[in-house]
Structure formats: C-alpha cells, structure tokens
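To start, the structure under review is shown below, and the notes come after it.
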C-alpha cells in the first residue's frame, strides 16, 4: 500500500493532495449549504484563461491564474450581489469567455508545447517542489481564514438578509470567501485538473450530509471523506495507471453513492 | 406622544420601472405594535426592507432611531423575521444554533460564543417556549415552531424593534391565536416596538395597536380599536372592505382604493 509513496513525485502528490483535500472539503460545506457549486465550476474554468495568460506573458501560470481567477470570482460575486443579472447567467457567460480568452492567449503565445492537458485534467508528475511550497504556504492560510469566518459564513448561508440586518459584514465575508475559493481551486488544478476540481468542491460535503444533521460533524466528515478519497484515488491511479484527478473524483463519487444507499437504508429501518 | 423610532417623509421607491411605494409619510412611535395590511404586491415587504436599509429609496427621507436606515449604529437594534417558505429542511443546524446566529454580530468577527452568549440564547428560547426543542434540527419542526425559533433568532441581539413579515403564513389557524399571544407577551416583557406585515386582515386588527393599509400608497393609519367597528374599517383603511362569505369561511376583502 505504501510502496507508491516511496517515489518522490508520489510523496509530493500525497502531501499536496491531502492539503488540497482538506481545503476543498472545507469549502464544499459552504458550496453545499449556499448552493455555490456552479460558481465553483465557473471559477475553475476561468483558471484556463489565467494559466494561458501566464504562458502569453512568460510569467508563472499559477500566479497569473490566482490573479485572473480571483478577479473573475470577485466579478461573479459582484454581479450576483447587484441582482440585475441572474447568477447562473453571469457564470455561464464568464465560464465561456474566459475559456475562449485562454484559447486565444495560447494561440498568441505561439507556445504549443505547453502541458495544457495537465492543467485541464491534472498531472501529479507536474507537481514541483515549488508548487508544494506554494501549497504549504497558501493552504494553511486559506484554511485558517475560512475557519475564522466560519460562523459568519454559516449565518449568511442560512439567511443572508437576516445576517446582514443583524449586523454581520455579509459582503466583505462573501468576497473573502470567493477569493479564498479561487486560490484553493488554482492550487488544486495541478493535481485534479480544471475540468474536475469543482467535483471536489461538492462531493465531500454532499456525501457527509447523508451521514449527519449537525454542521460541526458535517465539516469533520467532509474533510475525512475528502482526504480518504484523495489518498485512495492516488493509490488506485498509480496501481491501475489511470489519471490521478479522475480516479480521485470517481472514488469520491463512489463514496457519495454509498452514502446515499446508507442514508436510504437507515431511513427504511 | 412617545418618541418616534421610525420617521418616513415623502418616500418613493421603484423596483424596476414602476413605483411600488408612493408618497409614504409615516411615524412609528416607541412601544407601538403596528400592523401593515394590504394586498400582495402592495409594497409591504418593500417598506420593511427600506426601514432595514436593504432597499434604497428613490426619493424621500427615512430616519430609523434618528439615523439613516442601515447605519452601523442601528445594527442589533432591529430584529427581522422575513417571510420564508420555511427553513431549508436540509440545513444542518439545531434550534439552538439558529438562535445563536442572531448573536453572531454581538460576538464579533474572530470571536467564539461565550457561556454568557449561550445563557442568553437559552433565555430567549425559554421566552418563546422552544427551550425543550433546542437540540432538534430546525427542519424537523412544524411551521409554527420554526417561526418561534426565527423570532428568537431576531431577538437574540436584544433589539428595540422587531419587524415581522407575514409571520403567520404556514401556521394553522389554531396555533395563530397562541402565536399572537406570544408576540403580545414578548412586546411587554422586552418593551419592544413591533411592526407586522400581513395580508390577514381578519386577525391583525385584533392583535395590534394601530393598523395601516398599504397599497403602494399609505391609506391609513389608525387605532386598531377604531377599525374593529364596521364603519371604522372603511374610514381607516381608506378603501372598501366587505365581508364575503365563501364556503363556510367569511373573508374580508379590500376593494379598489380611490386615490
């Protein structure tokens, strides 16, 4: 079982994977409670534009993607709060535009040898020591930030208007949350890929929700489920020679259906 | 006359192209229990949201506790129970958690609830007679029970004014009497100013001090006791009110307003 993790790249994938799983699972709780899964999809796909911008400008693609997707996340949040355009319309528009921009940027950069496939679908071999350092710095920061805003996020997920009236700084908290989610998505795409990362922002909490009625255990179960899925997915992908991101997501999906079955059986008892 | 907690002068509000509130002038005095009645789309919820600072008026002056609505010094002074299609059954919080949310702004960013916060939450849960259900998931309660919990949430920050939007929708008529009884008791015990919005013109005049009829314009404002005699209805509502018998249940119906 531990044999794959004797290899350097697998060790980096494991460390990075556990960090990412903890973060994504924490976010998945609010994605579930505030029904933000489509925003997750929008932000993660905008990363393609951000990565391509990095190639075009000759800068670190992770850095440009954090800046680009962070800006898109804030913009989607702003449009959502203005209430003039439906959130799903705004996301649908930005989702397509940023992907299109990405394709244009790649064309303009005239660099066709870049590992786009790795960004789209994840490539654990591509996780460098530098990426790991970035994850080790950013992940604890973002985790601490979201935990420290936990009660405010809980209230605004439950009833945003009442939270605002009662004096919670709803808008700043929401924007900080979106920005943190963008950072999390960007540091997760090397492992999981742009196309699949949004699944990790939904599945852990959706699975945990079948097992508990209490938000505290929901957070704990989500993180445990996310970490188990990541480790099991990495081992399976190594053993079966499959794409790591897809295997992690499929394993998490399997746990979700198992939890549904469990909840159904428990109900019927 | 006691001091005004809400003063509204020549208020106009549009949502989209049309004005939903026109030329509203209103004062709400400390300690009053005011009921707004009127048809759906008459602007009742909008008026509450203007008082709360959630909607900006197009024209006019609004002062709440002597300050513009939404002013940071007003935070915690107003409790709000919005019209809900009832709590999301799947939201994983207990009754106690829901009421504690109402104290979050007092607790403050980066801080955790203290023993004193927990004591205050329990106290308010006892006041709304829901303490025995404090560990229940909110989605497992009946409509009436949920509404009591939301009132407790709104009261958890110890506000001076409570705004309720259609609080009796979804509560069966048997439980409504007890519900209004609870509002009356809370108002006395906590010296609250209360504003209630409802299209239930049958019950509201019986339980409030003053009523106002709102259908884009304010057609009121009078003592509920005067409204209860037949002629008063028409005079105070400023509109035709008739009794209709539909099936076995009599309804009061508001006719067209003549402006």
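Residue numbers (the numbering used here), protein chains in the order written: chain X, 1430 to 1698; chain Z, -15 to 243.
We put the CB at the ideal spot given by N, CA and C, even for glycine.
Note that the structure is a prediction, hence the values are computed from the model and not measured.
Query, Result
"Reduced DSSP category for residue 1450/X - H, G, I as helix; E, B as strand; rest coil", "helix"
"Beta-carbon separation (whole angstroms), residue 1672/X vs residue 1654/X, contact threshold 8 Å", "Not quite, the Cβ-Cβ distance comes to about 21 Å (not below 8 Å), so this is no contact."
"7 Å Cβ cutoff met for residue 1469/X and residue 1659/X", "no"
"CB contact below 7 Å: residue 1587/X versus chain Z", "yes"
"Presumed contact (8 Å Cβ cut-off) between residue 183/Z and residue 22/Z, rounded CB distance", "7 Å"
"Straight-line Cα distance separating residue 1444/X from residue 1563/X", "12 Å"
"Alpha carbon of residue 1599/X to alpha carbon of residue 1630/X, nearest angstrom", "22 Å"
"Near-chain Z residues of the stretch 1647 to 1673 of chain X - C-beta to any C-beta below 8 Å", "1647"
"CB contact flag (residue 30/Z, residue -3/Z, <7 Å)", "yes"
"Buried/exposed call for residue 1644/X, threshold 16 Cβ in 10 Å", "buried"
"Status (buried if at least 16 other CB within 10 Å, exposed otherwise) for residue 1694/X", "exposed"
"Cβ pair residue 138/Z, residue 108/Z closer than 7 Å", "no"
"DSSP state of residue 44/Z mapped onto helix, strand, coil", "strand"
"Any C-beta of chain X under 7 Å from that of residue 142/Z", "no"
"Cross-chain neighbours of residue 86/Z in chain X, by beta carbon under 7 Å", "1595"
"Status (buried if at least 16 other CB within 10 Å, exposed otherwise) for residue 162/Z", "exposed"
"Separation of residue 1666/X from residue 97/Z, as counted between CA atoms", "44 Å"
"Interfacial residues, the stretch 46 to 67 of chain Z to chain X, with Cβ spacing under 7 Å", "59, 60, 62, 64, 66"
"DSSP state of residue 177/Z mapped onto helix, strand, coil", "strand"
"9 Å Cβ cut-off: residues of chain X touching residue 77/Z", "1583, 1587, 1642, 1643, 1644"
"Cβ-heavy atom distance, residue 1512/X to the ligand ZN, below 6 Å", "This structure does not include the ligand ZN; it has no bound ligands of any sort."
"Buried versus exposed, by CB contacts within 10 Å (16 or more), residue 1597/X", "buried"
"Short CB-CB distance (under 7 Å) between residue -2/Z and chain X", "no"
"Separation of residue 1656/X from residue 1456/X, as counted between CA atoms", "13 Å"
"Residues of the stretch 1437 to 1462 of chain X whose Cβ lies closer than 7 Å to any Cβ of chain Z, in chain order", "1462"
"Through-space distance from residue 189/Z to residue 27/Z, alpha-carbon basis", "19 Å"
"Residue 1525/X burial status per 10 Å Cβ neighbour count (16 or more: buried)", "exposed"
"Test: residue 182/Z CB closer than 7 Å to a CB of chain X", "no"
"Residues bridged to residue -4/Z [DSSP beta-bridge criterion]", "43/Z"
"Through-space distance from residue 150/Z to residue 159/Z, alpha-carbon basis", "15 Å"
"Contacts around residue 1432/X, its chain only, beta-carbon distance under 6 Å, and the 5 residues preceding and following it disregarded", "none"
"8 Å contact criterion, which residue 35/Z and residue -10/Z should meet: CB distance rounded", "6 Å"
"Where residue 1437/X falls, given that 16 or more other Cβ within 10 Å makes a residue buried", "exposed"
"As assigned by DSSP and simplified to three states, the class of residue 220/Z", "Because the pLDDT at residue 220/Z is just 46, under 50, the model does not fix this residue reliably, and the point stays unresolved."
"For residue 199/Z, the first and last residue of its enclosing beta strand (DSSP E)", "194 to 199"
"Secondary structure of residue 20/Z, DSSP reduced to three states", "strand"
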